Every structure is written in structure tokens, then in C-alpha cells.
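Below is one structure, written out as C-alpha cells; the observations come after it.
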Amino acid sequence: MGPLKTIAIIILVISFLTFVAFFGRLPALRNTPIGALHRVIWLHIPGAMRSMDQRLSQGRLSTWMAKAAHTLWNDRHPLVMIFFILLLSVSEILFIPPAWPLMSISDRAITINLVLLPYIFLYASAVTDPGYITPENHAHQMSLYPYDFTIFHPGQKCHTCHLLKPARSKHCSICKHCIAKLDHHCIFINNCVGYRNQHYFLFLLFFTATLTTYATYLGTCLLSGQIRKEIPAWKIGGEGFTWSQYGNIWAWALQEYTRIGAVTLLCFLTSPLIWGLLGYHIYLIWAGTTTNESMKWSDWAAEMADGYAFKRRLSPDRHKDETIEPVWTRWPCDSEQVVLRTEDGMPPRGPHAIGEGGWERVWKLADVENLYDLGFWDNLTDVLRPRYGFRHREHNSNGQAIRSRPSSSGDVAAVADQ
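As C-alpha cells, this is what we get:
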């Protein structure tokens with residue numbers, strides 16, 4: 001089991017480090033061992049290496065590496081996407097030829113479809129405009145979402161693009177554009193995930209996860225079938241065999257059918273990562289937020305815990321300044337609150353503060369409405385049908401309206417305003 005154990009350990013380590021690299025910076029994992037390891041890998045180890053290089057070569061190696069890293073991390077390039085395509089294609093080339101004679105007709109049909117779909121949605125995610133904001137389409141982008149006066153306020157201008165920032169947009173330093181409803185920049189598609197291509201990205205995750213899961217299932221069944229030819233009493237669950245015998249039999253099968261076994265093992269260890277990433281994005285849709293916005297909510301949670309956040313009522317019938325805020329948007333509701341922070345922990349003062357009534361100190365996110373959460377199905381519709389026009393939502397006869405409030409852990413619960 002020497003070579004097999006080595007391969008398994010290498011794949012497991014790579015999978016774990018990939019998980020740490022992608023998920024370690026998330027707000028929910030910031031104070032966990034995963035977050036700590038992420039900081040060790042990306043902050044402490046590079047810092048120690050720079051200090052050592054400063055003593056040994058006066059920082060020349062660090063300077064060169066910093067320039068290379070800046071190019072890799074801050075400029076668009078297809079290296080990671082090429083690696084992803086090679087990982088898919090090489091695994092398929094290794095797996096399919098020896099497995100093809102062992103497959104049933106239905107297995108072959110499923111395999112052909114599952115192999116093609118990730119490439120289709122990878123292409124769609126990579127080449128589709130994610131929602132570039134330009135002077136020509138700026139007015140349209142402004143009409144997509146209203147400002148919530150909490151994490152997005154009107155009148156803020158992008159210092160790079162020199163355009164007013166539409167609600168839910170963000171400037172991407174890699175793509176060199178402001179992106180409508182930016183979620184994040186994805187190096188695997190060499191593109192941003194935004195308003196116009198988020199649905200393609202979700203389908204890419206889903207079909208890639210389905211492919212690796214099916215490959216795990218198919219490879220296990222094929223290997224088990226070959227074992228049964230040698231050991232007729234063999235059952236995939238291992239009934240009638242000791243743990244030692246069970247492990248040795250699988251080791252024999254993986255070594256006898258190395259290509260099928262190696263790819264099956266790789267898919268088995270990487271499938272949870274892809275499903276986890278997809279699950280996280282489904283959670284964000286359920287919460288009515290994005291990766292970018294979840295970080296903003298996390299910052300607000302810290303401000304609220306320190307007692308620096310205040311809110312008060314914002315009339316939906318207020319006069320809007322058309323020079324900085326759209327009069328109409330496709331969204332079915334407008335914000336009825338304004339949330340601000342102060343430096344001294346005292347309520348905002350001055351005659352120009354927006355809103356009406358007294359200021360109320362906010363201690364937790366559960367007391368703040370998330371304007372962009374319409375409920376899971378409407379949130380999902382907004383992702384899958386970017387041009388969908390929502391109907392305007394009216395208050396009921398008792399003046400009640402369903403609102404969504406993010407909790408301190410980032411999730412959202414629907415409550416009724418009295």
C-alpha cells in the first residue's frame with residue numbers, strides 16, 4: 001500500500017490546502033482554525049520569508065517574487081483556468097479509455113453528457129460579460145437595484161472609473177472595471193462572477209460536482225465488479241471481511257487498475273470541496289447577499305458590537321435626488337431605513353442627515369433589514385433570470401410588510417414589521 005498511501009496523502013493534502021485557500025478568508029471561518037491556518041499560509045509564512053530574504057540578499061529575491069506575485073494576483077491571465085481544464089481533461093483521458101469497456105450503455109450515455117457540461121458552462125462563465133459598468137450602460141445599471149442606505153449609499157463615485165457606483169456594484173482591480181452585483185473574481189474562469197454570469201457559474205459548480213461524484217460512484221462500482229471476478233463472495237460494504245482484508249483488497253484493485261483507481265480517489269476527495277463551494281453560494285442566495293456583501297455585513301456586525309451604528313426610518317415616498325439616485329428600479333421595494341456609523345459612538349447630528357425621526361442604536365444585525373432578500377425563490381429568480389422584472393410589493397391592510405434581517409452569523413430570517 002506504499003504508493004497508494006502516498007497518492008492518497010498527496011491528494012488529501014492538496015484538497016485540504018485548496019479548501020483553506022478558498023474558504024479560510026470567509027467571515028464565518030475568520031475565528032476558526034481554518035481561518036488561522038489561512039493567515040499562516042498567506043501572511044505569516046510570506047512575512048517570515050521576506051525577513052529571511054532581507055537578511056540574506058537585502059530583499060532582492062522578495063522584490064522579484066513580489067513583482068511576479070503582483071502580476072499573477074492582480075492581472076487577468078488564464079493560467080489557473082488552463083490548469084483547471086487540464087485537470088479535468090487529463091483525468092478524463094486517464095479514466096474513460098480503460099473504464100469504457102466495463103461500462104453499461106446507460107453509464108456511457110451519462111458519462112458523455114457529464115463530461116461535456118462543465119466545459120460548456122466554463123466557457124459561458126468565462127466569456128460572458130459579468131456586468132461591466134460603462135458610461136454607455138450606466139443608467140441601465142443604476143436601475144437594477146435600489147440603494148439600501150446600509151451597505152450601499154448613493155452619491156459614491158468610483159475613483160478609477162469616475163462613475164457613480166450603482167447599488168451592489170464593486171470595482172474589480174483585476175478586471176479593471178466596476179461590476180454590477182459583483183460576487184467575487186474567480187481565477188478558475190478568469191473572470192468576475194457578477195450580475196450577468198452568476199447563473200452560469202452556479203451551473204459550472206453543479207455539473208462539476210455532479211461529474212466528480214458520479215466518477216466516484218462509477219469508479220467504485222467498476223473496481224468492485226473486477227474484485228468480484230476474483231473474489232465471488234466480495235461485497236462493496238465489506239461484509240464477511242476484516243478491516244485489514246477489506247483494505248488490502250481495495251489496495252489490490254487500485255493498483256491493478258491504477259488509472260481508474262487514481263481518478264476515482266481524486267474525485268472522492270475533491271467532490272466535497274466543490275459541493276461545499278456550491279452550498280455556500282446557495283446559502284448566499286438564500287440570504288439575499290453576495291460574497292462581497294457578506295464581508296460588508298461582517299464589518300457592520302463589528303461596528304454594531306462596538307456601539308457605533310445607528311438607524312432611523314426612511315420614508316419610501318421621500319424625494320430622490322435624480323443626479324445620484326435612480327427614481328425607479330426593477331426591484332419590488334425600496335429601503336425604509338438608513339443605517340450610519342459614527343466615530344464617537346453618539347447619534348448622527350446635523351440638519352443634513354437623511355431620514356426622519358429619532359436615531360436608534362443598533363447592537364446586532366438581526367435588527368437591520370436586508371433590502372436585497374426577497375425570499376429564497378425570488379432571490380434565485382434574480383440570479384437565474386437577470387432581466388426579470390419584479391412586481392412592486394405593497395403593504396397589506398394592516399400596514400405590515402415582510403422584511404428580511406441578517407443575523408449576526410450572516411444568515412437571514414424573515415420577520416414582519418409591525
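Those letters in the sequence shown? Residues 1 to 418, per our numbering, in order. Using N, Cα and C, we set each Cβ at its ideal position, and we do this for glycine too. As the structure is a prediction and not an experimental result, all values here were calculated from the model.
Candidates G219, W286, I324, L371, of which the one nearest V338 by Cα: By 1-based counting over the sequence shown, the position of residue 338 is 338. Out of G219, W286, I324, L371, L371 has the C-alpha closest to the C-alpha of V338.
Spatially closest choice to Y200 from A124, P135, S143, by CA coordinates: Here residue 200 corresponds to residue number 200 of the sequence shown, with the count starting at 1. Y200 has its Cα closest to that of A124, out of A124, P135, S143.
When I34, G355, A66, T32 are compared against G47, the one with the closest alpha-carbon: As a working note, residue 47 is residue 47 in the sequence shown. Comparing Cα-Cα distances from G47 to each of I34, G355, A66, T32, the minimum goes to A66.
Euclidean distance between Cα positions of H395 and A126: Within the sequence shown, the letter at position 395 stands for residue 395. Within the sequence shown, the letter at position 126 stands for residue 126. Only weak support is given to the placement of H395: the predicted model assigns it a pLDDT of 47, under 50, and the question is left unresolved by the model.
Sequence ranges, alpha helix (DSSP H) only - wholly within the stretch 282-345, length at least 4: 291-305
Strand pairing of H185, partner residues [DSSP]: Walking along the sequence shown from the start, residue 185 turns up at place 185. The partner list for H185 (beta bridge, DSSP) reads C192.
H395, DSSP secondary structure in three states: Mapped onto the sequence shown, residue 395 falls at position 395. The predicted model places H395 with a pLDDT of 47, which falls under 50 and marks its position as unreliable; any figure quoted below should be read in that light. Here DSSP, grouped into helix, strand and coil, assigns H395 to coil.
Alpha-carbon spacing of S91 relative to T264, whole angstroms: Indexing the sequence shown from 1 puts residue 91 at position 91. Indexing the sequence shown from 1 puts residue 264 at position 264. The straight-line gap from Cα to Cα measures roughly 9 Å.
For I45, the three-state DSSP class (helix, strand or coil): Looking up residue 45 in the sequence shown gives position 45. Helix at I45.
Beta-carbon gap between F310 and W359 smaller than 7 Å: As a first step, residue 310 is located in the sequence shown; it is residue number 310 there, counting from the start. As a first step, residue 359 is located in the sequence shown; it is residue number 359 there, counting from the start. Yes, Cβ-Cβ distance for F310 and W359 is below 7 Å.
Closest residue to P166 among Y246, Q156, T18 (Cα-Cα distance): Here residue 166 corresponds to residue number 166 of the sequence shown, with the count starting at 1. Here the closest residue by C-alpha is Q156.
Residues near L117 by beta carbon distance below 7 Å, same chain, minus five either side: As a working mapping, residue 117 is identified with position 117 in the sequence shown. If we look at L117 and ignore the five residues flanking it on each side, its Cβ neighbours are F207.
Contact set for K181: own chain, Cβ-Cβ below 8 Å, skip 5 residues either direction: Taking the first residue of the sequence shown as position 1, residue 181 is located at position 181. Contacts found: G131, L144, Y145, R168, S169, G194, Y195, Q198, T290.
7 Å Cβ cutoff met for L266 and I105: Sequence index remark: in the sequence shown, residue 266 carries index 266 (1-based). Sequence index remark: in the sequence shown, residue 105 carries index 105 (1-based). No.
Per-residue DSSP class, three states only, for G358: One-based indexing of the sequence shown puts residue 358 at position 358. Reduced to three states, the DSSP call for G358 is strand.
G276 versus F16, H171, I231, residue with shortest Cα-Cα distance: Against the sequence shown, residue 276 aligns to sequence position 276. Here the closest residue by C-alpha is F16.
Beta-ladder partner(s) of L273, from DSSP: Counting from 1 along the sequence shown, the entry for residue 273 is found at position 273. Partner(s): none; L273 has no beta bridge.
Bounding residues of the beta strand (DSSP E) (the contiguous stretch that carries H38): By 1-based counting over the sequence shown, the position of residue 38 is 38. Unbroken run through H38 is the alpha helix (DSSP H), 33-39; no beta strand (DSSP E).
Pair within 7 Å by beta-carbon distance, L278 and A209: Position 278 of the sequence shown, counted from the first residue, corresponds to residue 278. Position 209 of the sequence shown, counted from the first residue, corresponds to residue 209. The answer is yes: Cβ separation under 7 Å.
Backbone CA spacing between W300 and T323 [nearest angstrom]: Taking the sequence shown and counting its residues from 1, the one referred to as residue 300 is at position 300. Taking the sequence shown and counting its residues from 1, the one referred to as residue 323 is at position 323. Take the alpha-carbon of W300 and the one of T323: they are about 27 Å apart.
Beta-carbon spacing of A102, L222 below 7 Å: As a first step, residue 102 is located in the sequence shown; it is residue number 102 there, counting from the start. As a first step, residue 222 is located in the sequence shown; it is residue number 222 there, counting from the start. The residue asked about is misnamed: residue 102 is Leu in this sequence, not Ala. Their beta carbons are under 7 Å apart, which means L102 touches L222 by this criterion.
Top-ranked residue by Cα proximity to I110, from G355, T212, K296: Translated into positions along the sequence shown, residue 110 becomes position 110. When each option's Cα is compared against that of I110, the closest is T212.
Delimiting residues of the alpha helix (DSSP H) encompassing C221: For the purposes of this step, residue 221 is taken as the residue at position 221 of the sequence shown. Note, C221: alpha helix (DSSP H), 198-230.
Cutoff 6 Å; reference I236; Cβ partners in own chain excluding five residues on either side: As a working note, residue 236 is residue 236 in the sequence shown. S224.
Boundaries of the beta strand (DSSP E) in which I179 is found, first to last residue: In the sequence shown, counting from the first residue as 1, residue 179 sits at position 179. Where I179 is concerned, the enclosing beta strand (DSSP E) stretches over 177-179.
Three-state secondary structure assigned by DSSP to C158: Numbered from 1 along the sequence shown, position 158 holds the residue referred to as residue 158. Residue state, collapsed to three classes: coil.
Classification of F83 by the beta-carbon crowding that lies within 10 angstroms, buried from 16 upward: Sequence index remark: in the sequence shown, residue 83 carries index 83 (1-based). Exposed, since its Cβ has fewer than 16 Cβ neighbours within 10 Å.
Whole-number beta carbon distance between I249 and I274, since they are thought to touch under 8 Å: The residue you call residue 274 lines up with position 274 of the sequence shown. The residue you call residue 249 lines up with position 249 of the sequence shown. Not confirmed; about 29 Å, so no contact.
Paired residues, beta bridge with K170 - DSSP: Mapped onto the sequence shown, residue 170 falls at position 170. Answer is I179.
In DSSP terms, what Y132 is bridged to: Start at 1 with the first residue of the sequence shown, and residue 132 comes out as number 132. According to DSSP, Y132 bridges with I179.
Continuous alpha helix (DSSP H) stretch holding I151: start and end: Here residue 151 refers to the residue found at position 151 when the sequence shown is read from its first residue. No alpha helix (DSSP H) holds I151; DSSP gives it neither H nor E.
Bounding residues of the alpha helix (DSSP H) (the contiguous stretch that carries W377): Looking up residue 377 in the sequence shown gives position 377. Counting along the chain, the alpha helix (DSSP H) containing W377 begins and ends at 376-384.
Whether R349 touches E303 by CB criterion (7 Å): The sequence position of residue 349 within the sequence shown is 349, counting from 1. The sequence position of residue 303 within the sequence shown is 303, counting from 1. Contact flag unset, no.
With 16 other Cβ atoms within 10 Å as the buried cut-off, status of D317: On the sequence shown, residue 317 is found 317 positions in, with the first residue counted as 1. D317 comes out exposed.
Contact under 7 Å by Cβ, L380 with I285: Your numbering for residue 380 matches position 380 in the sequence shown. Your numbering for residue 285 matches position 285 in the sequence shown. Cβ atoms of L380 and I285: closer than 7 Å.
Under 7 Å between C-beta atoms of F188 and M81: Within the sequence shown, the letter at position 188 stands for residue 188. Within the sequence shown, the letter at position 81 stands for residue 81. Cβ distance < 7 Å, so F188 and M81 count as in contact.
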